[in-house]
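Undergrad: Numbering (mature numbering (1 follows the signal peptide of the UniProt record, and there is no 0)), first residue to last: -18 to -1, 1 to 205. For each residue, glycine too, the CB sits at the ideal point set by N, CA and C. The structure is given below, and queries will be raised subsequently.
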Amino acid sequence: MYKYLILCLLTCSATVTAGLESLDDGELHHVEAQAGADIALKLTLNHTANAVFDTSVCPANQLEYCRLGISLNNRYHDGSLDTIDATTGVRTPSTTGRKEWLVFKGIQGTINIQKLMLDATDIQFSDNSVKAAIQLGFDENFPIHIRNFGFQSLSLERDDGPNEVGPGYLHATKYTAADGAFDANNPLTGTGREKGFIGLNMHGNLAIDGNIKVFGCGGHPRC
């Protein structure tokens, strides 16, 4: 009989309930959380694993699809660039509504952030008020690797028609062999360089030591 009762007690499950209790600011202030996180980020754009321009993604006959086009403040042609025939003097009105673009041609690059420290902190102002903030930290022992980051040429383009008809960011104007300007990303094919007025390429390591604090400051005099 006793063995039967003991067996029944062992097979019974006990029910435990726990209620949630709210914490005020003072109690939360004494709560210690875990440490922050170390994050590694790597951005690769139009590159192979060796940080070289990927001609399989951006072939010589489709370089216009490896660009970054920005239309600043929705700028567009307002019709002030009418053309005038030098012989007859006839003015031909220009089509309005054509967006203007800042186009980075032949864009590429690899950026490897080896260590980005994400943490939380408090910022104390002169009036002793405290503001919670996100803290992003960098360690100079883990430099940021920058490999062939940049663009081959920069140009200003305009759509052929209104409502992005013939978009300017896809204009495929290139230098010819007579110009002697060849595409640096396709040196063996004799491809003409895309027309533009400036280029940029960065390759090296960037060592940063310090932190950046991001916080909301609504209602503060500094905002």
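Taking 8 Å as the limit between beta carbons, can you name the residues of its chain near H29, skipping five residues before and five after?
TA: F35, D36, Q90, G91, T92, R129, N130.
Undergrad: With DSSP collapsed to three states, give me the class of L10.
TA: In the structure shown, L10 sits in a helix (DSSP, three-state: H, G or I).
Undergrad: To the nearest angstrom, how far is the alpha carbon of H127 from that of G186?
TA: Each residue's alpha carbon lies about 6 Å from the other.
Undergrad: Is the distance from the Cβ of G18 to the Cβ of L100 below 9 Å?
TA: Yes, the Cβ-Cβ distance between G18 and L100 is below 9 Å.
Undergrad: Looking at the structure shown, is G119 part of a helix, part of a strand, or coil, going by DSSP?
TA: The answer is strand: DSSP assigns G119 an E or B state.
Undergrad: Out of G174, N168, I180, which has the shortest C-alpha to C-alpha gap to L138?
TA: With distances taken between Cα atoms, L138 lies closest to I180.
Undergrad: Touching or not, the region 163 to 178 and the region 111 to 124, by the rule of three or more beta carbon pairs under 8 Å?
TA: No, they do not touch.
Undergrad: In the DSSP assignment, find the unbroken beta strand (DSSP E) run with A19 in it and report its ends.
TA: Where A19 is concerned, the enclosing beta strand (DSSP E) stretches over 19 to 27.
Undergrad: Classify residue 206: buried if its beta carbon has 16 or more other beta carbons within 10 angstroms, exposed otherwise.
TA: Here the chain has residues from -18 to 205 only, and residue 206 is not among them.
Undergrad: In the structure shown, what three-state DSSP assignment does Q44 receive?
TA: Of the three classes helix, strand and coil, the one that applies to Q44 here is helix, per DSSP.
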